[in-house]
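Worksheet: one structure, shown below.
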Amino acid sequence: MHTHKSSGRQPAATGHAEAGRAPPSRMESDFPNLLDVEALRRQCEELVAAPGMTVEAIRPALLSLFKKASAEGRAKIRALLDEDGSGLNCARRLSRLQDRLIGVLYDFIIAHVQPLKPGDIAVCAVGGYGRDTLAPGSDIDLLFLFPPKPTEAMHKAVEFMLYMLWDMGFKVGHSSRTLEECIRLSKEDMTIRTATLETRYICGDRALVEGLESRFDKEVTAGTGPEFIAAKLGERDARHRKAGDTRYLVEPNVKEGKGGLRDLHTLFWIAKYYYHVRDTAELVKLGVLSKKEWALFQKAEDFLWAVRCHMHFLTGKAEDRLSFDIQREIAEALGYHSRPGLSAVERFMKHYFLVAKDIGDLTRIFCSALEDQQAKAVPGLTGIISRFANRSRKIPGSLEFVEDRGRIALANPDVFKNDPVSIIRFFHVADIHGLEFHPDALRRLTRSLPLIDNGLRENEEANRLFLSILTSKRDPALILRRMNEAGVLGRFIPEFGKIVSMMQFNMYHHYTVDEHTIRAVEVMSDIEKGKADDIHPLTAKILPGIEDREALYVAILLHDIAKGRQEDHSVAGARVARKLCPRFGLTPKQTEMVVWLVEEHLIMSMVAQTRDLNDRKTITDFAEKVQSLDRLKMLLALTVCDIRAVGPGVWNGWKGQLLRTLYFETELLLAGGFSEVSRKERAMAAADALYDALADWDEKDRQTYSHLHYQPYLLSVPLEDQVRHARFIRDTDRAGQALATMVRTHSFHAITEITVIAPDHPRLLTVIAGACAAAGANIADAQIFTTSDGRALDTIHVNREFPNDEDEMRRAATIGKMIEDVLSGKKRLPEVIATRTKNRKKNRAFVIPPSASISNTLSNKFTVIEVECLDRPGLLSEITAVLSDLSLDIHSARITTFGEKVIDTFYVTDLVGQKIVNENRRATIIAQLRAVMNDQEEEQRPRMPNGILAPAGPQKKARSDA
0 MHTHKSSGRQ PAATGHAEAG RAPPSRMESD FPNLLDVEAL RRQCEELVAA
50 PGMTVEAIRP ALLSLFKKAS AEGRAKIRAL LDEDGSGLNC ARRLSRLQDR
100 LIGVLYDFII AHVQPLKPGD IAVCAVGGYG RDTLAPGSDI DLLFLFPPKP
150 TEAMHKAVEF MLYMLWDMGF KVGHSSRTLE ECIRLSKEDM TIRTATLETR
200 YICGDRALVE GLESRFDKEV TAGTGPEFIA AKLGERDARH RKAGDTRYLV
250 EPNVKEGKGG LRDLHTLFWI AKYYYHVRDT AELVKLGVLS KKEWALFQKA
300 EDFLWAVRCH MHFLTGKAED RLSFDIQREI AEALGYHSRP GLSAVERFMK
350 HYFLVAKDIG DLTRIFCSAL EDQQAKAVPG LTGIISRFAN RSRKIPGSLE
400 FVEDRGRIAL ANPDVFKNDP VSIIRFFHVA DIHGLEFHPD ALRRLTRSLP
450 LIDNGLRENE EANRLFLSIL TSKRDPALIL RRMNEAGVLG RFIPEFGKIV
500 SMMQFNMYHH YTVDEHTIRA VEVMSDIEKG KADDIHPLTA KILPGIEDRE
550 ALYVAILLHD IAKGRQEDHS VAGARVARKL CPRFGLTPKQ TEMVVWLVEE
600 HLIMSMVAQT RDLNDRKTIT DFAEKVQSLD RLKMLLALTV CDIRAVGPGV
650 WNGWKGQLLR TLYFETELLL AGGFSEVSRK ERAMAAADAL YDALADWDEK
700 DRQTYSHLHY QPYLLSVPLE DQVRHARFIR DTDRAGQALA TMVRTHSFHA
750 ITEITVIAPD HPRLLTVIAG ACAAAGANIA DAQIFTTSDG RALDTIHVNR
800 EFPNDEDEMR RAATIGKMIE DVLSGKKRLP EVIATRTKNR KKNRAFVIPP
850 SASISNTLSN KFTVIEVECL DRPGLLSEIT AVLSDLSLDI HSARITTFGE
900 KVIDTFYVTD LVGQKIVNEN RRATIIAQLR AVMNDQEEEQ RPRMPNGILA
950 PAGPQKKARS DA
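The sequence shown begins at 0 in numbering that gives the first Met the number 0 and counts up by one.
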């Protein structure tokens, strides 16, 4: 017996799952031990034998007997799964257990409930159960096969069995049909045809089932192979599209997803239908699969069944989505262990994706063999598997390859063996001529992977062809993805092979590292082709001015090449880039650019999202790191592609605006255009500009509302917003309101702005943040200002939720009303935040050690506090409460969420506007912040009557931006 638990293995990055493992056995020896059939029969008979007992009277006791037998059998099966690790054996044991329960129940029914002859009805398994496999939470799909004229007693017998099975807690799918009905419906309905194809006898009249199988082969399958194949592959493609059309989603569906069990089942259905085989092992004898490929088929199926069975046992239900919540526990159950750079769960998921990739290889090989068979039998067939006729023509300039109805094929079977460079040329020619890939050529390519050795990797022509593919102005991502799926990319670039199928255990990244990388190339290609001008106007504008396309594309390909290592992947990646760039044919100057881009590929994103871009020190520090306009342009393009390729919904216009602001401010500084005029002079000029902009107001109001603000406001808020704020404050004053909110939405930026005017007090931002959390709004940014008359003017940017402006404005108004209600005391903050705690459960799958840091070098005027921890509802409110308790004045805040992780940055001073320089005080601040970020500390800490965490330091006085 083999076992998944035997080692904390690391599969080869481009190889197959655990080469050399023995295929799962179909040993019968442990099946009788799952259920003592004779003992259960005796117990049933004893119930009936009791004096005066009717069937209805004994039904509860009968149900109890079957429930107990089922539970005990399943407990044994779970123990055996833990013992031998075989998913297929587990699925087969569950199927056999179910068979025997149904067999005993059927015999009891026809003997005591509805007396019938043993051969009156046939009870059959269909669906997955028909394949002799069941997951712990699977439906029990049954076909009750009747003779031509079924009696009422037969229907009642079926009804009794169904109610018993339902009462036992099983989900039962069922149909009752005569043989004639089965044949007629199979001809009319493809779903019924597939179910009938998998019919397996359980008990009753075996002759009825044999008759169905015989007639089904003669009357349904004969001559309809192409129709069935087209339908099944069509269903598969539709299922893939619905699931995201990639096998590299980090929360895959083990049953329905691309590379999942259903894809293997599709191959089994087609094999059984077209080749008339009862067992897929027969495909080896037919020459469809090699022995090695058949072993791979078994290993893939066994692994997926192990994962699925563990999932069902763990969750207690038919859970087929491998979500973050359970990945860690499944990895533990399967015996994975952490290794340097990769956690146990990441190693498990990498194995999962490698198996999914193997299934893609099997599909390709299988379809190729199928085409060869059908080319002889059905020339000219059209459909999903089409182009069976051999109509090849020469490809201009190529002797190795031919075109076969829009697909690249091999001119002779030994093309790759004769010249291994042709492996790379194969994809290059396909790119140049816009050809799809013939499955037979891909099959031969897959079998030629050992030819990719160091000689080929160092071959100048092979590298020239690869660089041409990567920088193609056609569809480089499509070709790279095909190279990756075929196993070529990971062998040609072994460093890339290490990130193939690697997932990162977080909620931020939606795809495996290799898929993310290829998607980043795809984004770059789309921008270059003008397909994303509306999303990335600045990048699209500067791209033609980037002279070195090659360096940019290579940097995109290599930016995450060192993920999964112990050291910083940017530093390690730069080292890999320095090695690979000369091999690809890049010049020393190009190599230095790529190395710098890879090493610094995260800096622009992090500065834009976590630093105050209105603070000049932010721009000067960033410009010092970038140093040149060429670097700035290429770094912007790389950053945009990196963020866009993380997953759907990760990029938004707000992030784009932050990057544009950082770009323009840095460009100005690098070009020598930064103003040398003092802050005081610039602030005075800004106040005069505001005064002039209020020319249609009376003199008193112009004077009052243009002199409300301090330097930070005047220097960082655009004039048009200053005018809007002035009107808002004046309207609030005229209405006699102490507090008010104003909202507006920016559809392009995907951000909604909420401005609050209120009497200033230490916990204002705490209350606003809590109210936003209660309303389900994610804060992205906060600008905090104090007016000269002692009020606070705070502007909060929250991430947009609705595409329609009217819907978003209604949502924003609701958030604003929530802020007003909490500030005015109409609602209590802890109660409204509690309504959002239901979202916390999912994050508990992740562990992020809380950290806090304090810097006086990131800003000339402010101390910068940065916290990083696991996100949760109300966290920002609690953190700002602590900062207020510590007598810190928050001037601006940048709130950044990366999946389950938050990085919040606060620009603060003490109450007299100075930086925090005392070491003891800095240590106290960090200690208090870590306490509030830690779940356990949070629960233990006392709370004030209003529900906010109890103060950890002296109460803060009113803020001042003077």
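The C-beta atom is built at its ideal place from N, Cα and C for all residues, glycine as well.
- Boundaries for His535: no alpha helix (DSSP H) harbours it, and the DSSP string shows neither H nor E there.
- With a minimum length of 3 residues, the unbroken runs of beta strand (DSSP E) contained wholly in the stretch 766-853 fall at 778-785 and 790-798.
- By the C-beta density criterion, His706 is exposed, having fewer than 16 other C-beta atoms within 10 angstroms.
- Just measuring C-alpha positions, the residue of Ile269, Asp452 and Asp262 sitting nearest Thr220 is Ile269.
- The DSSP-derived three-state label of Met163 is helix.
- Asp788 and Phe727 have their C-alpha atoms roughly 15 Å apart.
- Burial state of Met160 is buried, judged by a 10 Å Cβ sphere holding 16 or more other Cβ atoms.
- In this structure, DSSP gives Tyr510 an extended state, which the three-state scheme calls strand.
- Secondary structure note for His890: it is in no alpha helix (DSSP H), and the uninterrupted beta strand (DSSP E) holding it is Asp888 to Phe897.
- The Cβ-Cβ distance between Leu637 and Ile555 falls below 7 Å.
- Of the residues assessed, Ala476 falls on the buried side of the cut-off, its CB having 16 or more other CB atoms within 10 angstroms.
- Boundaries of the alpha helix (DSSP H) harbouring Met592: Pro587 to Glu598, taken from the DSSP string.
- Assignment of Glu435 by DSSP, reduced to helix, strand and coil, places it in the strand class.
- Check the Cα spacing between Ala812 and each of Ile753, Ile924 and Arg130: the tightest is with Ile753.
- If you look at Ser397, you'll find it in the beta strand (DSSP E) that goes Ser397 to Asp403.
- Of the residues assessed, Arg327 falls on the buried side of the cut-off, its CB having 16 or more other CB atoms within 10 angstroms.
- For Tyr906, the enclosing beta strand (DSSP E) covers residues Lys900 to Thr908.
- Bridge pairing for Val122: Phe143 and Cys202 [DSSP].
- Membership of Ala757 in the beta strand (DSSP E) is indicated by the continuous run Ile750 to Pro758.
- Nearest neighbour of Ile76 by Cα position, chosen from Leu62, Leu96, Phe65 and Arg58, turns out to be Leu96.
- Val722 places its beta carbon less than 7 Å from that of Ala692.
- Taking 7 Å as the cut-off, the Cβ atoms of Ile864 and Val821 do not count as close.
- Between Ala330 and Ala343, the gap from beta carbon to beta carbon is short of 7 Å.
- The closest CA to that of His173, considering only Lys825, Thr703 and Leu142, is found on Leu142.
- With fewer than 16 other CB atoms across the displayed protein chains lying within 10 angstroms of its CB, Asn917 is exposed.
- With fewer than 16 neighbouring CB atoms inside 10 Å of its own CB, Pro59 falls in the exposed class.
- For His706, no beta strand (DSSP E) encloses it, and the DSSP letter there is neither H nor E.
- Assignment of alpha helix (DSSP H) within the stretch 452-511, counting only whole runs of 4 or more residues, yields 453-456, 459-469, 475-484, 487-491 and 493-496 in chain order.
- Rounded to the nearest angstrom, the Cβ distance from Gly563 to Gly340 is 5 Å, consistent with a contact under 8 Å.
- When rounded, the separation of the alpha-carbon atoms in Ile108 and Ala156 is 6 Å.
- Spanning the alpha carbons of Pro848 and His558 requires a straight line of approximately 26 Å.
- Looking at the DSSP output, Thr744 shares a beta bridge with Thr751.
- By the 16-neighbour rule on beta-carbons within 10 angstroms, Arg490 is buried.
- Between the stretch 758-773 and the stretch 877-884 there are three or more inter-stretch CB-CB distances shorter than 8 Å, so the stretches are counted as touching.
- If you draw a straight line from the Cα of Ala230 to the Cα of Ile182, it is about 18 Å long.
- Straight across, the Cα-Cα distance linking Val594 with Phe347 is about 31 Å.
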